[in-house]
Amino acid sequence: MSAAAATRRPAAPGRGGPLAAERTVLRLTRPYLRRLLGTGLLATATELAGLALMASATWLLMSAAGQPPLDRLTVAIVAVRALAIGRGVFRYTERLAGHDAVLRLVADVRARVFASLAARRDTAGQRSGDALSRLVSDVETVQDLLLRVLVPACAAGLVGVLAVGGAALVSPAAAGVLAGGLLLAGVVLPALATALTRRGAAEVAPLRGALAADAVDLTHGAADLAAFGATGYALDAATQRAGRLARLERRLAAAGFAVDAAGVLVAGLTAGAVVLVALRAGVDGVLVGVLAVGTLAAVEIALALVGAARQWSQLRAGLARVATLLDAAPPPLPTTPPAAPGRTVSAGPHDVRFAAVTVRYRAGAAPALDRFDLDLPAGRRVAVVGPSGAGKSTLAAVLTGAVRPTAGRVTLDGRDLADHPAADLPRAVGGLLAEAYVFHATVRENLLLGRPGADPAELAGAAGAAGLLDWVHEQPDGWETVVGEEGGQLSGGQRQRLALARALLAAPGVLVLDEPTEGLDPAAADTVLASALAAVPAGHSVLVISHRLHGLAGLDEIVVLDAGRVVQRGTHAELVRSPGWYREQWRVQEAAERGYLALAP
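Take any residue in the sequence shown, count from 1 to its spot, add 55: that is its number in the numbering used here.
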């Protein structure tokens with residue numbers, strides 16, 4: 056989704072009703088319901104303690120002014136101290152319990168949103184900046200919905216009812232006035248705040264997502280923008296969106312100020328009316344003071360509903376974006392039962408078999424893999440080649456467990472791949488995948504992700520096999536050279552060598568190499584692939600996925616995919632003699648590389 060589209064189409068509350076997004080999110084709270092109910096009760100106890108503290112302190116001060124015997128004030132003195140301490144304890148406990156429950160929930164929601172974004176990546180055109188905004192800012196609206204909207208609203212409602220009941224014990228007429236003031240503060244003003252902020256708040260979340268996309272474009276895409284002379288245009292577009300967001304936030308702040316001022320007025324008028332009614336009813340002067348101060352405290356608590364309503368209006372767009380992703384999220388993978396003794400997956404040799412595997416990413420769409428069969432016993436080395444979109448990366452994703460087959464079966468050592476412990480699977484199947492990430496860290500730290508306990512000799516061996524060791528030795532900082540964000544301080548070839556070295560260091564039983572020589576010139580590519588294959592431990596199998604056909608002659612089998620189907624298979628020698636895609640592509644690449652080598656200095 057483009058940044059412009061994000062600003063043109065404010066997120067709707069969601070299909071299925073005006074509160075559909077909230078219902079979608081709240082369904083995930085069921086495992087944490089006890090913690091959340093406890094948080095609500097603690098919040099209610101905190102507000103009640105504050106209200107009782109104000110009433111008790113008022114009674115104590117006004118009674119003490121008449122200089123009564125000290126024993127008449129002892130209970131009030133102890134109550135004031137106990138309520139002051141209790142309020143702090145309740146507040147701390149409420150914050151602790153609330154954040155414990157909500158952070159657990161947010162972790163669950165963020166995992167589901169990430170899974171949804173990952174599933175939509177190839178089909179939805181999601182921009183990285185907007186995806187980051189959804190994963191961070193929008194997911195945080197779930198936390199705010201619970202801690203800043205639902206919990207304060209429930210606490211304020213319960214305290215308001217109890218405050219009216221307590222006032223009725225002193226003066227039913229004053230209680231009626233207090234109830235009217237609380238309705239104004241807790242119902243009318245929140246409705247007004249929602250009406251004033253609804254339209255602007257609905258535009259804030261998409262605008263923030265668009266600005267996040269602009270920030271990524273202007274930083275990571277600075278060179279491309281400069282090359283096409285579009286830097287000024289991109290800056291102007293980002294500035295306009297930032298200005299629009301600032302105007303919206305100023306408008307929301309002004310509306311909030313007006314509603315807050317009305318809340319202060321309601322509190323004062325309600326307290327004044329309660330005093331007048333209580334005096335007319337002949338209530339004792341001390342109790343009139345208690346009613347007045349208690350009214351101010353109760354209305355102030357009810358005004359928390361104004362803040363909750365305003366916060367809810369501002370959260371709804373973000374909640375709708377989260378709910379859309381939650382509705383589209385793939386079902387969570389079933390929890391794998393603990394493996395029986397002797398059934399854990401080791402890093403040693405393994406046998407893999409694909410049996411009529413079909414993968415469809417969407418119902419009704421053409422299959423990315425169509426009834427694919429492959430035997431990959433221990434020690435066997437197979438290459439999968441074919442044009443772009445043939446299904447090669449899908450095959451790697453199925454083999455590593457990232458994608459489940461729609462039909463068919465993948466087995467590892469005779470057991471279904473999904474039946475193996477998920478935590479152990481990367482030790483058995485892994486390697487260099489299509490989007491291997493290079494972290495903003497040192498060369499050593501990036502390599503140690505493959506095998507955390509590797510010693511210097513093992514690091515050097517893997518780097519040497521990937522053709523990276525000479526470059527490391529040339530750097531002033533050697534292994535401590537920082538490679539930059541996403542390997543930005545490296546060339547494309549160096550970044551690929553680093554990722555390949557990490558895969559070789561991990562040494563899984565089934566090594567997947569997806570385009571291992573991408574970004575390398577032909578001569579270097581042949582050398583690196585040969586040394587990488589030579590570095591694979593004996594008995595470990597290898598699956599090479601490549602567009603480039605050079606260097607595959609020594610493999611046991613080559614499988615040609617096209618539109619998800621196997622169209623050719625055999626050794627290199629057999630395929631170059633047979634009419635078909637492989638022979639044609641081999642001739643094209645041979646001619647191109649001969650021309651490249653002839654022109655090379």
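Cβ coordinates follow ideal geometry from the N, Cα and C atoms, glycine included.
Three-state class that DSSP yields for residue i in the structure shown
{"i": "leucine 604", "result": "coil"}
{"i": "serine 443", "result": "coil"}
{"i": "serine 57", "result": "With a pLDDT of 40 at serine 57, under the threshold of 50, the modelled position of that residue is not reliable, and the figure given next carries that caveat. In the structure shown, serine 57 sits in coil (DSSP, three-state: anything other than H, G, I, E or B)."}
{"i": "arginine 435", "result": "coil"}
{"i": "serine 596", "result": "strand"}
{"i": "threonine 391", "result": "At threonine 391, the pLDDT of 42 sits below 50, so the modelled position is not reliable; the number obtained from the coordinates is stated separately. The answer is coil: DSSP assigns threonine 391 none of H, G, I, E or B."}
{"i": "threonine 572", "result": "coil"}
{"i": "phenylalanine 427", "result": "strand"}
{"i": "glutamine 530", "result": "coil"}
{"i": "phenylalanine 409", "result": "strand"}
{"i": "aspartate 177", "result": "Legend: pLDDT at aspartate 177 = 44, less than 50; position of this residue unreliable, value from coordinates given subsequently. Note: aspartate 177 maps to helix in three-state DSSP."}
{"i": "glycine 221", "result": "helix"}
{"i": "arginine 506", "result": "coil"}
{"i": "valine 161", "result": "helix"}
{"i": "glycine 625", "result": "strand"}
{"i": "valine 631", "result": "helix"}
{"i": "proline 396", "result": "Note on proline 396: pLDDT 45, under 50, position unreliable in the model; no value is reported."}
{"i": "valine 538", "result": "coil"}
Closest by C-alpha distance to residue i, when choosing among the options
{"i": "alanine 558", "options": "Gly543, Asp581, Glu535 and Leu598", "result": "Leu598"}
{"i": "alanine 359", "options": "Ala208, Gly519 and Trp641", "result": "Ala208"}
{"i": "valine 216", "options": "Ala364, Arg624 and Leu237", "result": "Leu237"}
{"i": "leucine 151", "options": "Arg127, Ala104, Gly105 and Gly95", "result": "Gly95"}
{"i": "glycine 212", "options": "Ala234, Glu195 and Ala433", "result": "Ala234"}
{"i": "alanine 166", "options": "Leu381, Leu454 and Gly434", "result": "Leu381"}
{"i": "arginine 302", "options": "Gly255, Tyr492 and His627", "result": "Gly255"}
{"i": "valine 498", "options": "Val144, Val537, Arg464 and His528", "result": "Val537"}
{"i": "serine 111", "options": "Arg253, Thr129, Gly284 and Ala278", "result": "Thr129"}
{"i": "alanine 562", "options": "Gly508, His602, Arg376 and Ala282", "result": "Gly508"}
{"i": "glycine 635", "options": "Asp525, Gly441, Gly456 and His405", "result": "Gly441"}
{"i": "arginine 136", "options": "Ala104, Arg146, Val157 and Val161", "result": "Ala104"}
{"i": "alanine 483", "options": "Ala515, Pro432 and Thr286", "result": "Pro432"}
{"i": "glycine 594", "options": "Glu540, Leu480, Arg435 and Ser601", "result": "Arg435"}
{"i": "alanine 203", "options": "Leu560, Asp468, Val348 and Ala98", "result": "Note on residue identity: the sequence assigns arginine, not alanine, to residue 203. Here the closest residue by C-alpha is Ala98."}
{"i": "glycine 456", "options": "Tyr637, Leu307, Leu480 and Asp315", "result": "Leu480"}
{"i": "alanine 82", "options": "Ala100, Val164 and Arg142", "result": "In the sequence as displayed, the identity of residue 82 is arginine instead of alanine. The residue with the shortest Cα to Cα distance from arginine 82 is Val164."}
{"i": "alanine 418", "options": "Ala462, Val439 and Val354", "result": "Ala462"}
{"i": "leucine 553", "options": "Arg632, Val583, Asp576 and Pro531", "result": "Val583"}
Alpha carbon of residue i to alpha carbon of residue j, nearest angstrom
{"i": "alanine 134", "j": "leucine 108", "result": "8 Å"}
{"i": "lysine 447", "j": "histidine 154", "result": "44 Å"}
{"i": "leucine 503", "j": "aspartate 471", "result": "30 Å"}
{"i": "threonine 294", "j": "histidine 495", "result": "29 Å"}
{"i": "alanine 486", "j": "aspartate 581", "result": "Residue 486 is actually glycine in this sequence, not alanine. Roughly 19 Å separates the two Cα atoms."}
{"i": "leucine 290", "j": "histidine 627", "result": "52 Å"}
{"i": "arginine 408", "j": "glutamate 529", "result": "43 Å"}
{"i": "alanine 228", "j": "glutamate 258", "result": "45 Å"}
{"i": "glycine 625", "j": "leucine 545", "result": "37 Å"}
{"i": "proline 245", "j": "glycine 444", "result": "54 Å"}
{"i": "aspartate 430", "j": "proline 460", "result": "16 Å"}
{"i": "glycine 533", "j": "tyrosine 492", "result": "21 Å"}
{"i": "histidine 605", "j": "alanine 75", "result": "55 Å"}
{"i": "leucine 566", "j": "histidine 475", "result": "17 Å"}
{"i": "alanine 421", "j": "arginine 415", "result": "7 Å"}
{"i": "arginine 89", "j": "leucine 351", "result": "32 Å"}
{"i": "threonine 413", "j": "valine 453", "result": "10 Å"}
Host beta strand (DSSP E) of residue i (start-end)
{"i": "arginine 415", "result": "Taken as a continuous stretch (DSSP letters only), arginine 415 belongs to no beta strand (DSSP E), as it is neither H nor E."}
{"i": "aspartate 569", "result": "565 to 569"}
{"i": "glycine 456", "result": "Neither: glycine 456 is in no beta strand (DSSP E) and is coded neither H nor E."}
{"i": "threonine 544", "result": "A small fix is needed here, since residue 544 is glutamine in this sequence, not threonine. Neither: glutamine 544 is in no beta strand (DSSP E) and is coded neither H nor E."}
{"i": "threonine 466", "result": "462 to 467"}
{"i": "valine 614", "result": "612 to 617"}
First through last residue of the alpha helix (DSSP H) which encompasses residue i
{"i": "aspartate 581", "result": "577 to 590"}
{"i": "leucine 36", "result": "Beyond the ends of the chain as shown, which are 56 and 656, falls residue 36; an answer cannot be given."}
{"i": "valine 194", "result": "194 to 199"}
{"i": "glycine 519", "result": "511 to 520"}
is_contact[residue i, chain D] using C-beta, thresh 7 Å
{"i": "alanine 364", "result": "You won't find chain D in this structure, because it holds only one protein chain."}
Minimum length 4: unbroken alpha helix (DSSP H) runs contained in the segment 226 to 268:
227 to 238
Length at least 4, wholly inside the segment 75 to 125: the alpha helix (DSSP H) runs in chain order
75 to 81 and 88 to 119
Complete runs of the alpha helix (DSSP H) confined to the segment 293 to 363 [at least 4 residues]
340 to 357
Any chance you could list the alpha helix (DSSP H) runs of at least 4 consecutive residues sitting entirely within the segment 470 to 504, in chain order?
480 to 483 and 498 to 503
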